[in-house]
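Input: a single structure, listed below in C-alpha cells.
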Amino acid sequence: MTVHRFTIADAALERSPGQDGDIFTGNLLDQRHGGPVTIGFGRYGPAQTLEETMAVHDTMVILEGKITVSDGHKSVTAGPGEIIAMQKGDRVMIRSHEDGAVTAYVTYPHWQQPEA
C-alpha cells in the first residue's frame, strides 16, 4: 500500500470542464495512478454557480468558505469541516458564497477521462 499526503499547493488547478466561471479543480490521484477513486482539490471564486448532472458519486469536504448545493427539492449549505455528498445522476446547482470556497473531493468512479 502506498500512503500519500497532499496540500492544495500540490494540485495543478484547471478550469472545470464545460464552464467558464471562476471554478477550478486539480486531481491529485486518479485513474492514472491505478486507484478506484479520484481525489483532489477545488477552488471556487466568490458567488460562482455551476449547474450539472452528476456523472459520478462526488463527496466534497469544505475547507474554506461556504458552498450551497441545490437539487430542485432541497438545498444544503456547508462550511469548513462539513461534507456534501452528491450521487451519480443528481441534477444539482453548486454555488459559492461571497468569500468563495476551497474544497477537497473524492469521486467514484473517476470523473475525468485521461487525454488520448
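Residue numbers (this note's numbering): 862 to 977. Backbone N, C-alpha and C fix where the C-beta goes; we use that ideal spot for every residue, glycine too.
Roughly how many whole angstroms lie between the Cα atoms of residue i and residue j?
i: Gln880; j: Thr868; result: 25 Å
i: Tyr969; j: Val917; result: 6 Å
i: Leu837; j: His934; result: Shown here, the chain extends from 862 to 977; a query on residue 837 therefore has no answer.
i: His958; j: Arg876; result: 18 Å
i: Asp891; j: Gly906; result: 24 Å
i: Tyr865; j: Ser931; result: Tyr is not the amino acid found at residue 865; the sequence shown has His there. Spanning the two alpha carbons is a distance of roughly 33 Å.
i: Leu911; j: Gly940; result: 18 Å
i: Asp960; j: Thr863; result: 36 Å
i: Arg956; j: Pro878; result: 16 Å
In the DSSP assignment, find the beta strand (DSSP E) that holds residue i and state where it starts and stops.
i: Phe885; result: Ile884 to Leu890
i: Ile869; result: Premise fails: Ile869 is in no beta strand (DSSP E) and is neither H nor E.
i: Met947; result: Ile944 to Met947
i: Ala965; result: Arg952 to Tyr969
i: His918; result: His918 to Ser931
i: Thr914; result: Thr910 to Thr914
Under 7 Å Cβ to Cβ from residue i, same chain only, skipping five residues before and after it: list those, please.
i: Gly901; result: Ala872, Thr886, Gly887, Asn888, Leu889 and Tyr966
i: Met915; result: Met947, Gln948, Lys949, Gly950, Asp951 and Val953
Candidates the options: which alpha carbon is nearest residue i's?
i: Ala870; options: Val953, Glu912, Val864 and Val963; result: Val963
i: Gln909; options: Thr929, Pro878 and Thr968; result: Thr929
i: Asp951; options: Glu913, Tyr905 and Arg904; result: Glu913
i: Val953; options: Val937, Glu943 and Gly942; result: Val937
i: Gly942; options: Pro878, Lys927, Met915 and Asp891; result: Lys927
Are the region 937-953 and the region 896-906 touching by the rule of at least three beta carbon pairs closer than 8 Å? The region 937-953 is not in contact with the region 896-906.
When you compare the region 872-890 with the region 920-928, are there three or more beta-carbon pairs, one atom per stretch, that lie closer than 8 Å? Cβ pair count under 8 Å is below three, so no.
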